[in-house]
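Worksheet: one structure, shown below.
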Amino acid sequence: MTIKHVEEMRITELGDNKVMKQAVDNAYFSALIENDVKPNYVYDIIIYSLRAINVCCAFANYFLYKDYYSTRDMVIMLSIIYYLFCGIDYLVNSIFVKGAFLIGNLPSGSKYSYAKGFRAESTCNFGDEDYTLHMTATVGEEKVEYVMKKPVASYFEEDGLLRQDVVAEDASAALEQFRSVLHKAASKKRD
Numbered sequence: 020m021t022i023k024h025v026e027e028m029r030i031t032e033l034g035d036n037k038v039m040k041q042a043v044d045n046a047y048f049s050a051l052i053e054n055d056v057k058p059n060y061v062y063d064i065i066i067y068s069l070r071a072i073n074v075c076c077a078f079a080n081y082f083l084y085k086d087y088y089s090t091r092d093m094v095i096m097l098s099i100i101y102y103l104f105c106g107i108d109y110l111v112n113s114i115f116v117k118g119a120f121l122i123g124n125l126p127s128g129s130k131y132s133y134a135k136g137f138r139a140e141s142t143c144n145f146g147d148e149d150y151t152l153h154m155t156a157t158v159g160e161e162k163v164e165y166v167m168k169k170p171v172a173s174y175f176e177e178d179g180l181l182r183q184d185v186v187a188e189d190a191s192a193a194l195e196q197f198r199s200v201l202h203k204a205a206s207k208k209r210d
């Protein structure tokens, strides 16, 4: 038995749900994109550019701090900029992203009832055996939600490897169910 095999057993046996959830989220992200969901990278661009600015300000702050007395005003300004951008980064994450692993758009047209603002979120807390996928979109003014629960262990083989085929099948089935929920919401809106 190799050490790698023991680590994979530990992940599935002890229920390291954070690692398992992240692996399943990444697989769902890929599967949903293959099923015509178009990701919106605006939030990613904002977040990563803010983080790049934070890193640059932190390095500049450190190197200017070495010669503090001659560049005191610059250090103060960079410190303020650094903490300001950290606050903006926190607000963007807490207000707009809120734990979603995919923010995007469904294909336009009647197939998805002209829905807008697609979000895919998941939950799988420590010790919880179920992986819960939440998909939401808006049809007109109404927010439509679809929830799917499945044991997180069903996505993994006994040796700890992720089963991509199961995730792809579940993503297709979840999108079909979500589409039927969207059609029901759109028909209620018309009535």
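Under the numbering used here, the first residue of the sequence shown carries the number 20, and numbering increases by one thereafter. Here a beta-carbon is modelled for each residue, glycine too, at the ideal position from N, C-alpha and C. Remember, it's a predicted structure, so these values are computed and weren't measured experimentally.
By the three-class DSSP mapping on this structure, what secondary structure does residue i have?
{"i": "Asp178", "result": "coil"}
{"i": "Lys40", "result": "helix"}
{"i": "Ala134", "result": "coil"}
{"i": "Ile30", "result": "Only weak support exists for where Ile30 lies, its pLDDT of 49 falling under 50; the value from the coordinates is given anyway. In this structure, Ile30 counts as helix in the three-state DSSP scheme."}
{"i": "Asp147", "result": "coil"}
{"i": "Glu160", "result": "coil"}
{"i": "Ser127", "result": "coil"}
Taking all protein chains shown into account, decide if residue i is buried (16 or more other Cβ within 10 angstroms of its Cβ) or exposed.
{"i": "Lys40", "result": "buried"}
{"i": "Ala50", "result": "buried"}
{"i": "Ile122", "result": "buried"}
{"i": "Phe175", "result": "buried"}
{"i": "Leu180", "result": "exposed"}
{"i": "Tyr150", "result": "buried"}
{"i": "Phe197", "result": "buried"}
{"i": "Asp178", "result": "exposed"}
{"i": "Asn144", "result": "exposed"}
{"i": "Arg91", "result": "exposed"}
{"i": "Ala204", "result": "buried"}
{"i": "Val74", "result": "exposed"}
{"i": "Arg70", "result": "exposed"}
When you compare only the Cα positions, how much space is there between residue i and residue j?
{"i": "Ala172", "j": "Lys207", "result": "37 Å"}
{"i": "Asp44", "j": "Ser141", "result": "7 Å"}
{"i": "Lys85", "j": "Tyr102", "result": "20 Å"}
{"i": "Ser199", "j": "Val111", "result": "32 Å"}
{"i": "Met154", "j": "Val166", "result": "6 Å"}
{"i": "Tyr60", "j": "Leu83", "result": "34 Å"}
{"i": "Lys37", "j": "Leu152", "result": "15 Å"}
{"i": "Phe104", "j": "Tyr81", "result": "17 Å"}
{"i": "Lys130", "j": "Ser68", "result": "35 Å"}
{"i": "His24", "j": "Ile114", "result": "The predicted position of His24 is uncertain, since its pLDDT is 44 and thus under 50; no value can be drawn from it."}
{"i": "Met93", "j": "Gly106", "result": "20 Å"}
What first and last residue would you give for the alpha helix (DSSP H) that runs through residue i?
{"i": "Phe120", "result": "Per DSSP, Phe120 belongs to no alpha helix (DSSP H); it is in the beta strand (DSSP E), 119 to 124."}
{"i": "Asp92", "result": "91 to 111"}
Give a yes or no on whether the minimum CB-CB distance between residue i and chain C is below 9 Å.
{"i": "Ala205", "result": "Of the protein chains in the structure, only one exists, and it is not chain C."}
Taking residue i as part of the beta strand (DSSP E), name the residues at either end of that continuous run.
{"i": "Tyr60", "result": "Looking at the DSSP string, Tyr60 is not in any beta strand (DSSP E), and its letter there is neither H nor E."}
Would you mind working out which of the options sits nearest residue i, comparing C-alpha positions?
{"i": "Asp55", "options": "Ala77, Ser127, Val94", "result": "Ser127"}
{"i": "Lys168", "options": "Ala193, Tyr62, Ala119, Ile100", "result": "Ala193"}
{"i": "Ala46", "options": "Gly136, Asn144, Asp184", "result": "Asp184"}
{"i": "Arg119", "options": "Gly106, Lys130, Gly136", "result": "Per the sequence shown, the amino acid found at residue 119 is Ala instead of Arg. That would be Gly136, whose Cα lies nearest to the Cα of Ala119."}
{"i": "Leu97", "options": "Cys105, Ala79, Gly106", "result": "Ala79"}
{"i": "Lys117", "options": "Val186, Tyr62, Ala42, Ser191", "result": "Tyr62"}
{"i": "Pro170", "options": "Asp147, Asn124, Tyr81", "result": "Asp147"}
{"i": "Ile52", "options": "Ile64, Ala134, Ala190, Val163", "result": "Ala190"}
{"i": "Gly159", "options": "Cys76, Tyr133, Met93, Leu125", "result": "Tyr133"}
{"i": "Lys162", "options": "His202, Val186, Glu195", "result": "His202"}
I'd like to confirm something about residue i: is its beta-carbon nearer than 8 Å to some heavy atom of the ligand PLP, or not?
{"i": "Met93", "result": "Inclusion of the ligand PLP in the displayed structure is not the case, the ligand content being empty and no account of it being possible."}
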